[in-house]
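K.L.:
Residue numbers 469 to 993, in the working numbering, belong to the letters of the sequence shown in order.
My structure is below; once you've seen it, I'll send some questions.
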Amino acid sequence: MNILDWIVVTVYALGLIVFSRHLGKKQLNTEDYYLGGRKISWLATGLSTMATQLGAISFVSAPAFVALKPNGGLIWLGYEFAVPIAMVFLMAFIVPVLHRARVVSIYEYLERRFDSQTRLLISLIFQISRALATGVSIYAVGIVLSAILGLSLFFTIILIGVITVVYDTLGGIKAVIYSDVIQMLILIAGIALCTFFAYELSGGWTEAISTIPPDRLRILDIESHGFGDGNDFSFWALVIGGFFLYASYYGCDQSQIQREMSVRSVGDVRKSLMFNGVFRFPLVVMYCTMGIFIGAFAIKNREFMSLIPKDKVDYMVPVFVLNFLPHGIIGFIVISILAAFMSSLDSAINSLSAATMRDVYQRYIRPDADENHYFLWSKVFTVFWGIVCTGFAFVVGGISETVIEAINKVGSVFYGPILAAFILGILVKRTTPAGVKMGVLSGVLLNLVLWFGFPGVSWLWWNATGCITSVLVGYLWSVFIPGSGSSKDSVDGLKVRWKPSYVFLLLYFFGIILFSLLLERILVV
469 MNILDWIVVT VYALGLIVFS RHLGKKQLNT EDYYLGGRKI SWLATGLSTM
519 ATQLGAISFV SAPAFVALKP NGGLIWLGYE FAVPIAMVFL MAFIVPVLHR
569 ARVVSIYEYL ERRFDSQTRL LISLIFQISR ALATGVSIYA VGIVLSAILG
619 LSLFFTIILI GVITVVYDTL GGIKAVIYSD VIQMLILIAG IALCTFFAYE
669 LSGGWTEAIS TIPPDRLRIL DIESHGFGDG NDFSFWALVI GGFFLYASYY
719 GCDQSQIQRE MSVRSVGDVR KSLMFNGVFR FPLVVMYCTM GIFIGAFAIK
769 NREFMSLIPK DKVDYMVPVF VLNFLPHGII GFIVISILAA FMSSLDSAIN
819 SLSAATMRDV YQRYIRPDAD ENHYFLWSKV FTVFWGIVCT GFAFVVGGIS
869 ETVIEAINKV GSVFYGPILA AFILGILVKR TTPAGVKMGV LSGVLLNLVL
919 WFGFPGVSWL WWNATGCITS VLVGYLWSVF IPGSGSSKDS VDGLKVRWKP
969 SYVFLLLYFF GIILFSLLLE RILVV
């Protein structure tokens, strides 16, 4: 990087902080800080959510997976198959109930429906797992950015953490959402620029496709099932396990759904989720296309390939950017990676602060304080979680790669059971507080058994096994061992109308699978 690249990066970082400071001036209370006064547009939340989902790790790892990773390729597209059907489920059953509950932390609903112990249990599971995953993300992106920026890993991680914490603390959820909108646009432009230059260097579409090994151009693995055969990317695991994964992540993870709580109405929530259900797949196609062209160029260019560490193929994109793009463009791509990463980190920190404030501090430690006190401590908790997540990134540096991969699987241990808690609360009237807790613990226990006892089972299946087990155990426990605890919120008020948008998303689900089948037939001759 030269002085021009550094100017581009510096102007972006300072502009982000000034913008966040401006957004934070009108905040008066915690609802403004965490939900933007519930007045944010659905398009902004939709873009923000998509930016968080498809962050820096995707920007770097998806193209590398397609081009160079062992057993990788266009099968990455399969991760997106289940998104539309998960959106239909959430739009019809889960999110309307949570939005109408007018909660800040979605785990507040679990206390209204069950008891305070259930709320605290699920909230703490979220806080611990999200902090661990965020620390891993900071470390992973820090390694890549340190190589691009030419800075030490320590200084790079501190720099990323400080910038994000400052603008997140100043601007709250508005800074998170509107900075994510800007970052999403920058991310798309970055992908387009990398793809354009790689296209030119690789010799064009025909040359690139003929250079990439045919196995990497396959998208669907229908023959495998991933339930004991050691194949993590089976079509059935990606669709069925992916459905439970995305339903839980979009609908029951505070870092994602907090934005949906910030819009004006249930109708706006549905529009935001619809936006994600439709536009995620085209964006991932862009990632994969970039991977094909950069990968083809790497295979043909020995100098390029020699610069990529053999056991660190995720360096493919950074090496390409640093060595084969013009200055100024390099700075813009660095901003793209920073933007993609910050969009994930800012939402994690803000949501962790919200869960800690509402589910722990305001509920148990200072339940009678005034709003000014809570507003101040909301910012304190934002800084606290920023420090914790950044600090954990340094701890990860001393852990083996195997353990890092294991930490990334922690989410799938818990996603299914957490989704089950909300399903039992919203859709199953007879569920008791004891039943839901036993259900969640049973689902987590089963997933741990699968993880350590049956390594051949794809981790994607854990999302399904955890949810189904938790629902069954929770229901049966409630029926045969009735417990105390009637609920204020029940399923009585839930009315589901089959909307045209649901039909469209279901057709879109089949459409992207058909598109993938046709694309594979065209590419693999």
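Glycine included, C-beta positions come from ideal geometry on N, C-alpha and C.
1) According to DSSP, is Phe695 helix, strand or coil?
2) So Ile625 and Gly610 are supposed to be a Cβ contact under 8 Å. How far apart are they, rounded?
3) Can you find the residues in the same chain that come closer than 6 Å, C-beta to C-beta, to Tyr502, ignoring five residues on each side of it along the sequence?
4) Between the C-alpha atoms of Gln521 and Phe664, what's the straight-line distance to the nearest angstrom?
5) Looking only at its chain, what residues have a beta carbon closer than 7 Å to the beta carbon of Leu790, apart from the 5 residues adjacent to it on each side?
6) Looking only at its own chain, which residues have a Cβ that is under 6 Å from the Cβ of Cys720, when we skip the five neighbours before and after it?
7) My assumption, with CB atoms under 8 Å, is that Gly893 sits in contact with Tyr575. Please give the rounded CB distance.
8) Taking the straight line between their C-alpha atoms, what separation do you get for Phe977 and Met518?
9) Could you give the C-beta distance for His567 and Met729, rounded to a whole number, given that I count them as a contact under 8 Å?
10) Can you tell me whether Ile805 is helix, strand or coil according to DSSP?
11) With 16 other CB atoms within 10 Å as the buried threshold, where does Asp473 fall?
12) Assuming Val746 and Val737 form a contact by the criterion Cβ under 8 Å, report the distance between their Cβ atoms to the nearest whole angstrom.
13) According to the neighbour-count rule (16 or more other Cβ atoms, all chains shown, within 10 Å of its Cβ), is Asp960 buried or exposed?
14) If you measure between the beta carbons of Ser716 and Gly884, is that distance less than 8 Å?
15) Let me make sure I understand the geometry here. Which of Ala550, Leu775, Cys857 has the alpha-carbon closest to that of Phe701?
16) What separation, rounded to the nearest whole angstrom, lies between the Cα atoms of Asn497 and Ile801?
17) Ordered along the chain, which non-local residues of its own chain (more than five positions away) have a Cβ less than 8 Å from that of Arg748?
18) Just the C-alpha distance for Phe527 and Phe557, rounded to the nearest angstrom, thanks.
19) With Met518 as the anchor, note down where its alpha helix (DSSP H) starts and where it stops.
20) Excluding the 5 residues flanking Gln830 on each side, which residues of the same chain have their C-beta closer than 7 Å to its C-beta?
21) Out of Thr586, Ser819, Thr899, state which residue places its alpha-carbon closest to the alpha-carbon of Pro950.
22) Report the rounded CA-to-CA distance for Asn931 versus Pro794, giving the unit in angstroms.
23) Going by other Cβ atoms of all chains shown within 10 Å of its Cβ, with 16 needed for buried, is Lys493 buried or exposed?
24) Looking only at DSSP bridge pairs, what is Val466 linked to?
25) Who are the near neighbours of Ile981 in its chain, counting only those whose CB is closer than 7 Å to its CB and skipping five residues on each side?
26) What is the DSSP secondary structure of Val881, reduced to helix, strand or coil?
27) State the start and end residues of the unbroken alpha helix (DSSP H) segment that holds Ala657.
28) Does any residue of chain B bring its CB to less than 8 Å from the CB of Phe972?
29) To the nearest angstrom, how far is it from the Cα of Gly934 to the Cα of His490?
30) Quick check on Gly696: buried or exposed, where buried means 16 or more other Cβ atoms within 10 Å of its Cβ?
31) State buried or exposed for Pro786, treating a residue as buried only when at least 16 other CB atoms are found within 10 Å of its CB.
32) Is it true that the CB of Val904 sits closer than 8 Å to the CB of Thr679?
33) Name, in chain order, the residues that DSSP records as bridge partners for Val731.
34) Nearest to Ala535 by alpha carbon, out of Trp927, Trp510, Met758, Val644?
P.N.:
According to the structure data:
1) Numbered from 1 along the sequence shown, position 227 holds the residue referred to as residue 695. If DSSP states are grouped into helix, strand and coil, Phe695 belongs with the strands.
2) The residue labelled residue 625 in the question sits at position 157 within the sequence shown. The residue labelled residue 610 in the question sits at position 142 within the sequence shown. Going by Cβ atoms, the distance from Ile625 to Gly610 rounds to 4 Å, so yes, they are a contact pair.
3) Working through the sequence shown from its first residue, we reach residue 502 at position 34. Cβ within range, chain order: Val572, Ile641, Ala822.
4) Sequence index remark: in the sequence shown, residue 521 carries index 53 (1-based). Sequence index remark: in the sequence shown, residue 664 carries index 196 (1-based). Each residue's CA atom was taken as its position, placing Gln521 and Phe664 some 24 Å apart.
5) As a working mapping, residue 790 is identified with position 322 in the sequence shown. In its chain, beyond the 5 residues on either side, Ile616, Ile798 have a beta carbon closer than 7 Å to the beta carbon of Leu790.
6) Within the sequence shown, the letter at position 252 stands for residue 720. If we look at Cys720 and ignore the five residues flanking it on each side, its Cβ neighbours are Ile886, Leu887, Phe890.
7) In the sequence shown, the residue the question calls residue 893 occupies position 425. In the sequence shown, the residue the question calls residue 575 occupies position 107. Distance from Gly893 to Tyr575 at the Cβ level is roughly 11 Å; contact not present, criterion being Cβ atoms closer than 8 Å.
8) Here the question's residue 977 lines up with position 509 in the sequence shown. Here the question's residue 518 lines up with position 50 in the sequence shown. Between Phe977 and Met518, the C-alpha separation is close to 18 Å.
9) Counting from one through the sequence shown, the residue named residue 567 turns up at place 99. Counting from one through the sequence shown, the residue named residue 729 turns up at place 261. Taking C-beta atoms under 8 Å as the contact rule, His567 and Met729 qualify, at a distance of about 6 Å.
10) To locate residue 805, count along the sequence shown from 1; it is residue 337. Here DSSP, grouped into helix, strand and coil, assigns Ile805 to helix.
11) Numbered from its first residue, the sequence shown carries residue 473 at position 5. It is buried - the Cβ of Asp473 has at least 16 other Cβ atoms within 10 Å.
12) The residue labelled residue 746 in the question sits at position 278 within the sequence shown. The residue labelled residue 737 in the question sits at position 269 within the sequence shown. Between Val737 and Val746 the Cβ distance is about 15 Å, and since that is not below 8 Å, they are no contact.
13) Locating residue 960 in the sequence shown gives position 492, counting from the first residue. Below a pLDDT of 50, predicted positions are generally treated as unreliable, and Asp960, at 48, falls in that range; no measurement from the model is reported.
14) The residue you call residue 716 lines up with position 248 of the sequence shown. The residue you call residue 884 lines up with position 416 of the sequence shown. Contact check for Ser716 against Gly884 passes: the beta carbons are separated by less than 8 Å.
15) In the sequence shown, counting from the first residue as 1, residue 701 sits at position 233. The candidate whose alpha carbon is nearest that of Phe701 is Ala550.
16) Position 29 of the sequence shown holds residue 497. Position 333 of the sequence shown holds residue 801. The straight-line gap from Cα to Cα measures roughly 37 Å.
17) For the purposes of this step, residue 748 is taken as residue 280 along the sequence shown, with counting starting at 1. Within the same chain, and ignoring the five residues on either side of Arg748 in sequence, the residues whose Cβ sits closer than 8 Å to its Cβ are Met518, Gln521, Leu522, Glu548, Val551.
18) Residue mapping note: residue 527 aligns to position 59 of the sequence shown, counting from 1. Residue mapping note: residue 557 aligns to position 89 of the sequence shown, counting from 1. When rounded, the distance between both Cα atoms is 28 Å.
19) Position 50 of the sequence shown, counted from the first residue, corresponds to residue 518. From DSSP, the alpha helix (DSSP H) with Met518 extends over 510-521.
20) Sequence index remark: in the sequence shown, residue 830 carries index 362 (1-based). Correct list, in chain order: Tyr842.
21) In the sequence shown, residue 950 corresponds to position 482, counting from 1. Of the candidates Thr586, Ser819, Thr899, Thr899 places its Cα closest to the Cα of Pro950.
22) Against the sequence shown, residue 931 aligns to sequence position 463. Against the sequence shown, residue 794 aligns to sequence position 326. CA-CA distance, Asn931 to Pro794, rounds to 44 Å.
23) The residue you call residue 493 lines up with position 25 of the sequence shown. Under a 10 Å Cβ-count criterion, Lys493 is classified as exposed, with fewer than 16 other Cβ atoms of the shown protein chains found around its own Cβ.
24) This structure cannot settle anything about residue 466, because the visible part of the chain is limited to 469 through 993.
25) By one-based count along the sequence shown, residue 981 stands at place 513. Within its own chain, the residues whose Cβ lies closer than 7 Å to the Cβ of Ile981, once the five positions on either side in sequence are excluded, are Phe549, listed in chain order.
26) Along the sequence shown, one-based indexing puts residue 881 at 413. Residue state for Val881 is assigned as helix, using DSSP reduced to three classes.
27) For the purposes of this step, residue 657 is identified with residue 189 of the sequence shown, where counting begins at 1. Looking at the DSSP string, the run of the alpha helix (DSSP H) that includes Ala657 is 621-670.
28) The structure shown contains no chain B; it is built from a single protein chain.
29) For the purposes of this step, residue 934 is taken as the residue at position 466 of the sequence shown. For the purposes of this step, residue 490 is taken as the residue at position 22 of the sequence shown. Distance between the alpha carbons of Gly934 and His490 is about 44 Å.
30) Taking the sequence shown and counting its residues from 1, the one referred to as residue 696 is at position 228. The residue is exposed, with fewer than 16 neighbouring Cβ atoms inside 10 Å.
31) Taking the first residue of the sequence shown as position 1, residue 786 is located at position 318. Counting Cβ neighbours within 10 Å, Pro786 comes out buried, since at least 16 surround it.
32) Taking the sequence shown and counting its residues from 1, one reaches residue 679 at position 211. Taking the sequence shown and counting its residues from 1, one reaches residue 904 at position 436. No, the Cβ-Cβ distance between Thr679 and Val904 is not below 8 Å.
33) Along the sequence shown, one-based indexing puts residue 731 at 263. BP columns for Val731 point to Ile508.
34) Counting from one through the sequence shown, the residue named residue 535 turns up at place 67. Nearest of Trp927, Trp510, Met758, Val644 to Ala535, Cα basis: Met758.
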